[in-house]
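**Q** Below you'll find the structure I mean.
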Amino acid sequence: MQMKLRSLQICLFGLLLLAAGQAGAVLDVTVTEGVSGAIPVAVTPFTWEGEGSPPEDVAQIVGANLARSGLFRVLGRERLAGAPAGPDDFLSEQWAAVGAEYLVIGRLRPEGERVLIEFHVFDVLANQRLGGFRIPVPPEMLRRGAHRVSDIVYEQITGDEGAFSARIAYVGVTGRGDERRFTLEVADSDGADPRTLYRSSEPLMSPAWSPDGRYLVYVSFENRRSEVFRHNVETGARDRLASYPGINSAPAWSPDGERLAMSLSRDGTPNIYIMDLDSGALTQVTRSNAIDTEPAWSADGETLYFTSDRAGSPQIYEMRLSGGSARRLTFEGSSAGAATVSPDGEAVVYVQGDGGELRIARLDLETRQVTLLTRGRFDKSPSFAPNGSMILYSTTERGRGILGSVSRDGRVHQRLAARTGEVREPAWSPL
């Protein structure tokens, strides 16, 4: 939470650019709590019809993705003998006998400068093929292709869109004291293929993806104060968007990608402003003597949710951009902040403080029902997956910063930890 912005501005300053574009630290993902009675699924090794070995084990990536969702129990390969060579060889009795309710088979073959992934999904108990699919990808993007396969399999079985193809951004931290270093990282949803976009000797905060996935905005302290930067994820080009006197913090993209909401104290007290990214023009949204920060857009772009201490403690408010006053949304716990809106616009997840602990909570915007999703002591910075199924957040384990993930209903929990150093401030990309 960013309610201590004034003190942060005093004690966090300076930035040293070291390097960019190098590989970052791999995140290890562990499912710590899944759904009781997870669906048993068999993913047979995909056959390779080229020379040598395939560039990636696509079936292994697909199986690992499904297992990480917490909804599936992926059968071990020792139980997958006699996999059908094609859809016409499928025998439901054979796969029911090994305990599979769904089956995925596939093959890979070179086609010019691409690799064609062809795969089929079967409902074993219903004795039917759910679908057959073909995905051509460059060889160097076969892992990304495997994530797309995972999305399709997930959707065929559950009816919900998958999010394995999305990427995650986060801040990495290594060292202590004067030796601390901060990096802005981007990785696949499974923590693989990390790439360092930016390195710094001073804090980086609040990364947020543009709706088209091309840019990240974030806060850095490179000029002895907080400033907002925009970073092209592919080219590495970056430009400074906000460097007004005082605090520049908590950037949030509008759904159309044309505007940026942020908290600025250019006129004294931090208030919410909207910047038009084409012209750079600012529009002040809130006018309060309190601290207003952490804006989040509604799915339709017509409402802003934000954190304010105008009632004496940090709470979440909503304000229509067409006019009217701010309305308080949260009343549970001693504080609330860092709202993020579900992709369908039906819920807000946020950080609820109570008894000195911070946990991730979900507020249904129609019923106003609040559900606590996590059980940690210092859970913060929630970010929705693009399909709304999971929420990433920062937490701690044995005094070290890691990432956590929880399903929207609170039943599936994961941990994502760097092999060295700490990770924090996660942001899930659009698909």
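Residue numbers (our numbering): -4 to 426. We treat Cβ as the ideally placed atom computed from N, Cα and C, and that holds for glycine.
Are three or more beta carbon pairs between the region 387 to 401 and the region 44 to 57 nearer than 8 angstroms?
**A** The region 387 to 401 is not in contact with the region 44 to 57.
**Q** Please confirm whether SER221 has its beta-carbon closer than 9 angstroms to some beta-carbon of chain B.
**A** Of the chains in the structure shown, none is chain B; there is only one protein chain.
**Q** Report the rounded CA-to-CA distance for ARG209 versus ASN122, giving the unit in angstroms.
**A** Rounded to whole angstroms, ARG209 to ASN122 spans 42 angstroms at the Cα level.
**Q** Does the pairing of the region 131 to 142 with the region 403 to 411 give three or more beta-carbon distances under 8 angstroms?
**A** No contact exists between the region 131 to 142 and the region 403 to 411.
**Q** Grab me the residues of SER238's own chain with a C-beta within less than 6 angstroms of its C-beta, minus the 5 sequence neighbours each way, in chain order.
**A** The residues are GLU222.
**Q** Have a look at ALA291 and PRO250 and give me their C-alpha separation to the nearest angstrom.
**A** About 10 angstroms.
**Q** Mind checking which residues open and close the alpha helix (DSSP H) that includes ARG143?
**A** Here the alpha helix (DSSP H) through ARG143 covers 137 to 153.
**Q** Taking three-plus beta-carbon pairs below 8 angstroms as touching, is the region 39 to 55 in contact with the region 103 to 111?
**A** Result yes; three or more Cβ-Cβ pairs closer than 8 angstroms.
**Q** Between LEU199 and GLU420, is the Cβ-Cβ spacing less than 9 angstroms?
**A** For LEU199 and GLU420, yes; Cβs fall inside 9 angstroms.
**Q** Taking only three categories from DSSP, how would you classify ALA54?
**A** Note: ALA54 maps to helix in three-state DSSP.
**Q** I'd like to check one pair, LEU75 with VAL110: are the Cβ atoms closer than 9 angstroms?
**A** Contact: no.
**Q** In whole angstroms, what separates the C-alpha of PHE177 from that of SER196?
**A** One C-alpha to the other measures close to 6 angstroms.
**Q** Assign TRP423 to one of two classes, buried (16 or more other C-beta atoms within 10 Å of its C-beta) or exposed (fewer than that).
**A** Buried, by the Cβ-count rule.
**Q** Across which residues does DSSP place TRP43 in a beta bridge pair?
**A** For TRP43, which the question treats as bridged, DSSP gives the partners LEU103.
**Q** Roughly how far, in whole angstroms, is the beta-carbon of ALA247 from the beta-carbon of LEU255, given that I think they are within contact range, below 8 angstroms?
**A** With a Cβ gap of about 7 angstroms, ALA247 and LEU255 count as contacting.
**Q** Can you tell me which of the three DSSP states LEU211 falls into?
**A** Here LEU211 sits in strand by DSSP.
**Q** Between LEU61 and the rest of its own chain, which residues show a CB-CB distance below 8 angstroms, the 5 nearest in sequence each way excluded?
**A** Contacts found: VAL36, VAL38, PHE67, VAL69, SER145, VAL148, TYR149.
**Q** Based on Cα-Cα distance, which residue from ASP374, THR391, ARG414, LEU192 lies nearest to ARG354?
**A** With distances taken between Cα atoms, ARG354 lies closest to ASP374.
**Q** Among residues of its own chain, excluding the 5 on either side of PRO383, which ones have a beta-carbon nearer than 7 angstroms to its beta-carbon?
**A** Going by the sequence as given, residue 383 is Gly instead of Pro. SER337, PRO338, ASP339, ARG403, listed in sequence order.
**Q** Which residue wins for smallest C-alpha separation from GLU96, given the options TYR300, THR390, ASP118?
**A** For the residues TYR300, THR390, ASP118, the minimum Cα distance to GLU96 belongs to ASP118.
**Q** Helix, strand or coil: how does DSSP classify ASP359 here?
**A** Three-state result, ASP359: strand.
**Q** Over what stretch of residues does the beta strand (DSSP E) that includes GLN364 continue unbroken?
**A** Note, GLN364: premise wrong, no beta strand (DSSP E); not H, not E.
**Q** Who are the Cβ neighbours of PRO133 in its own chain at under 8 angstroms, not counting the five residues just before and after it?
**A** The answer, listed in chain order, is GLU108, ARG109, VAL110.
**Q** Indicate the three-state DSSP secondary structure (helix, strand or coil) for GLN(-3) in the structure shown.
**A** Its pLDDT being 40, under 50, GLN(-3) is placed unreliably by the model, and nothing is read from it.
**Q** Over what stretch of residues does the alpha helix (DSSP H) that includes ALA306 continue unbroken?
**A** Taken as a continuous stretch (DSSP letters only), ALA306 belongs to no alpha helix (DSSP H), as it is neither H nor E.
**Q** Look at GLU313 and THR335 and say whether their C-beta atoms are less than 9 angstroms apart.
**A** The answer is no: Cβ separation not under 9 angstroms.
**Q** Is it the case that the Cβ atoms of MET270 and THR278 are separated by a distance below 9 angstroms?
**A** It is a contact, given that the beta carbons lie within the stated cut-off.
**Q** According to the neighbour-count rule (16 or more other Cβ atoms, all chains shown, within 10 Å of its Cβ), is ALA331 buried or exposed?
**A** That one is buried.
**Q** Let me check one thing: in DSSP terms, what residues is TYR268 bridge-paired to?
**A** Beta-bridge pairing links TYR268 to MET257, GLN279.
**Q** Apart from the five residues just before and just after ALA33, which ones in its own chain have a Cβ nearer than 8 angstroms to its Cβ?
**A** Correct list, in chain order: GLY65, LEU66, PHE67, ARG68.
**Q** Anyone know if the C-beta pair for LEU22 and PRO189 falls short of 9 angstroms?
**A** Cβ atoms of LEU22 and PRO189: closer than 9 angstroms.
**Q** Mind checking whether THR281 and GLU289 have CB atoms under 9 angstroms apart?
**A** No.
**Q** Taking only three categories from DSSP, how would you classify LEU61?
**A** In this structure, LEU61 counts as helix in the three-state DSSP scheme.
**Q** At what residues does the alpha helix (DSSP H) containing ALA91 begin and finish?
**A** Looking at the DSSP string, the run of the alpha helix (DSSP H) that includes ALA91 is 87 to 92.
**Q** Indicate the three-state DSSP secondary structure (helix, strand or coil) for ARG403 in the structure shown.
**A** In the structure shown, ARG403 sits in coil (DSSP, three-state: anything other than H, G, I, E or B).
**Q** In whole angstroms, what separates the C-alpha of GLN364 from that of ARG393?
**A** Spanning the two alpha carbons is a distance of roughly 32 angstroms.
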